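Okay, so here's the structure we're looking at.
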Amino acid sequence: MSISCVPSFGQLSEQTRNTSDISTSQTWQVPTSQNFVPHFEEANGRKVLYVDGRPFTVLAVEIPWWHLIYGRYKETENAYDKLYPAAARLGLNALKVPIKWSMIEPEKLRERRWNHI
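When we follow the working numbering, the leftmost residue of the sequence shown carries the number 184, and every step to the right adds one.
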């Protein structure tokens, strides 16, 4: 994938305006990675998240927590279901979703066992 861009913001000559005249040395190449595992690399002096070997831009929104009713989270766990399709229509690829501990552990345990982690 290549994107033509002119390395100048000033006045453009008639020849430069015609993108077919731009040589490949002036064409910006999207940096890719040979590592297909999600990771960070430095590209052009900045940390870049790579997913599947290509730069990944996180487009996220935080889902509000105030509609969750304190102490009754089980009753409101589906409160945000209608927001997920709306986020997808906006082109978002990440959501910050509120999770309360009581949603994971509805009843208090006397003893916590963490040896399975």
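Glycine included, every Cβ here is placed at the ideal spot set by N, Cα and C. As the structure is a computational prediction, the values presented were derived from the model and not from experiment.
Here residue 233 is buried. Its C-beta has 16 or more other C-beta atoms within 10 Å. Bounds of any alpha helix (DSSP H) do not take in residue 263, whose DSSP letter is neither H nor E. The beta carbons of residue 269 and residue 243 sit no closer together than 7 Å.
Scanning the region 211 to 245 from its first residue to its last, the whole beta strand (DSSP E) runs of 3-plus residues come out as 222 to 226, 229 to 234 and 243 to 245. In the DSSP secondary-structure assignment, residue 277 is bridged to 243. Distance between residue 217 and residue 239, taken at the CA atoms: about 14 Å. One thing to note: residue 215 has its Cβ no nearer than 7 Å to the Cβ of residue 228.
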